[in-house]
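Engineer:
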C-alpha cells in the first residue's frame, strides 16, 4: 500500500485533531473508532471481508503499513471470523497514541512538547499541512451539502466520525445541527462502514459484554431479553453514542 493515499484511520485522527489545543476530540472513544477504521481500510485493501456481523481474513499478505499489518496479523491468528464488535472492543486501547506516533513518523503531524501547570510534561500535536486537513473536511462538507452519494472511503469516514461523537467537533453549535444530522445519514452509503460504525456504537453501549455474559450461561433475568442481547447484530438500530466533546 503506497502512501499516496491516506488511510481511513489516519484521516479519522486528523479530523479529531484540534488545531487550537493540539489535542484530540473524543479521546475516550477515538480508540474504538480507530480500531473500526482499521477494519474499513483492510477491507478496502482486499485483506478482509464481512460475513454478516463478522470479519474474515481472505488475504494475509502485508499492506506495507505497519499499524494495519499488525491488526491484520492479529485477525489472522484468530483462525476464524470474529465479530466486529468483539474485535473493536478488544484490548487495543492506546491506538490514538500509536497513530499519533505513526503520523509523526510520516511527517503528517509535529509533536510540540510543553508543560501543564508549569510542571507536568505534555505533548501537543500540530498538523504539518493544514491544506491536508482542510481537504479531508471538505470531502465531508461536499457530501453533506450536495447530497450526492460519496465514495465508500468518504462514507465510511463520515460513519466513523459520527460513531465516536465527532459531529459536534466538526459542526459545532445550533448552526451545525443540520450538518450533524446529515453526517449521521451518510452512514447508509457504505454497508461495511455502516456495519463497523454500528459496532463501535454497540461497544460504547456495552453490547459485547452482554453477549459474553449470555454465552457463559443462562441469564438470570428474562430469557427473552437475554436472547435479544445475544442475537442483536451490529447493523441493527442502535442509540446514538452518549459522549461529550472535550
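Residue numbers (my numbering): 20 to 265.
Beta carbons: idealized from backbone N, C-alpha and C, even for Gly.
At a cut of 8 angstroms, does the segment 89-109 reach the segment 193-208 through at least three beta carbon pairs?
Structural biologist: Contact fails: fewer than three Cβ-Cβ distances are below 8 angstroms.
Engineer: In terms of alpha-carbon separation, which member of 57, 67, 24, 36 lies closest to residue 216?
Structural biologist: The candidate whose alpha carbon is nearest that of residue 216 is 57.
Engineer: With DSSP run on the structure shown, which of helix, strand or coil describes residue 102?
Structural biologist: Looking at residue 102 - three-state DSSP - the assignment turns out to be strand.
Engineer: Give the straight-line distance between the Cα atoms of residue 234 and residue 150, rounded to the nearest whole angstrom.
Structural biologist: Caution is warranted here: a pLDDT of 39 is assigned to residue 234, below 50, making its placement in the model unreliable, and the coordinate value is therefore given only provisionally. Straight-line Cα distance between these residues: approximately 49 angstroms.
Engineer: Which partner residues does residue 77 have in the DSSP bridge list?
Structural biologist: Answer is none; residue 77 lacks a bridge partner.
Engineer: At which residues does the alpha helix (DSSP H) containing residue 118 begin and terminate?
Structural biologist: From DSSP, the alpha helix (DSSP H) with residue 118 extends over 114-124.
Engineer: Among 157, 139, 130, 181, which has the Cα closest to the Cα of residue 147?
Structural biologist: Of the candidates 157, 139, 130, 181, the one whose C-alpha sits nearest the C-alpha of residue 147 is 130.
Engineer: So, at 6 angstroms on beta carbons, what are the nonlocal neighbours of residue 267 in its own chain, with the 5 sequence-adjacent residues on each side left out?
Structural biologist: Outside the displayed range of the chain (20 to 265) lies residue 267, so it cannot be described from this structure.
Engineer: Between 26, 54, 100, 164, which has its C-alpha nearest residue 274's C-alpha?
Structural biologist: With the chain covering 20 to 265 only, the question about residue 274 has no answer from this structure.
Engineer: Rounded to a whole number of angstroms, what is the C-alpha to C-alpha distance between residue 114 and residue 161?
Structural biologist: Each residue's alpha carbon lies about 29 angstroms from the other.
Engineer: Compare the C-beta of residue 183 against all C-beta atoms of chain D and say whether one is closer than 7 angstroms.
Structural biologist: Among the chains in the structure shown there is no chain D, since it carries only a single protein chain.
Engineer: Report the three-state DSSP secondary structure of residue 57 (helix, strand or coil).
Structural biologist: In the structure shown, residue 57 sits in a helix (DSSP, three-state: H, G or I).
Engineer: Report the residue from 125, 43, 47 whose alpha carbon sits nearest the alpha carbon of residue 108.
Structural biologist: Closest by alpha carbon: 47.
Engineer: Based on Cα-Cα distance, which residue from 65, 39, 85 lies nearest to residue 118?
Structural biologist: Nearest of 65, 39, 85 to residue 118, Cα basis: 85.
Engineer: Between the C-alpha atoms of residue 193 and residue 29, what's the straight-line distance to the nearest angstrom?
Structural biologist: Computed Cα separation, rounded: 28 angstroms.
Engineer: For the alpha helix (DSSP H) containing residue 30, list its first residue and its last residue.
Structural biologist: It spans 27-35 - the alpha helix (DSSP H) in which residue 30 sits, taken as one unbroken run.
Engineer: Who are residue 70's beta bridge partners in DSSP?
Structural biologist: Note: residue 70 sits in a beta bridge opposite 73.
Engineer: Helix, strand or coil: how does DSSP classify residue 185 here?
Structural biologist: Reduced to three states, the DSSP call for residue 185 is coil.
Engineer: Closest to residue 33 by CA distance: which of 212, 225, 157 is it?
Structural biologist: Of the listed residues, the one whose Cα sits closest to residue 33 is 157.
Engineer: Enumerate in chain order the residues of its own chain whose CB-to-CB distance from residue 95 is below 7 angstroms, with the five nearest sequence positions on each side excluded.
Structural biologist: Taken in chain order, the residues that qualify are 76, 79.
Engineer: With a Cβ-Cβ cutoff of 7 angstroms, do residue 198 and residue 155 count as a contact?
Structural biologist: Not a contact, by the Cβ cut-off of 7 angstroms.
Engineer: I'd like to know whether the C-beta atoms of residue 104 and residue 209 end up nearer to each other than 7 angstroms.
Structural biologist: Against a cut-off of 7 angstroms, the Cβ pair of residue 209 and residue 104 comes out as no contact.
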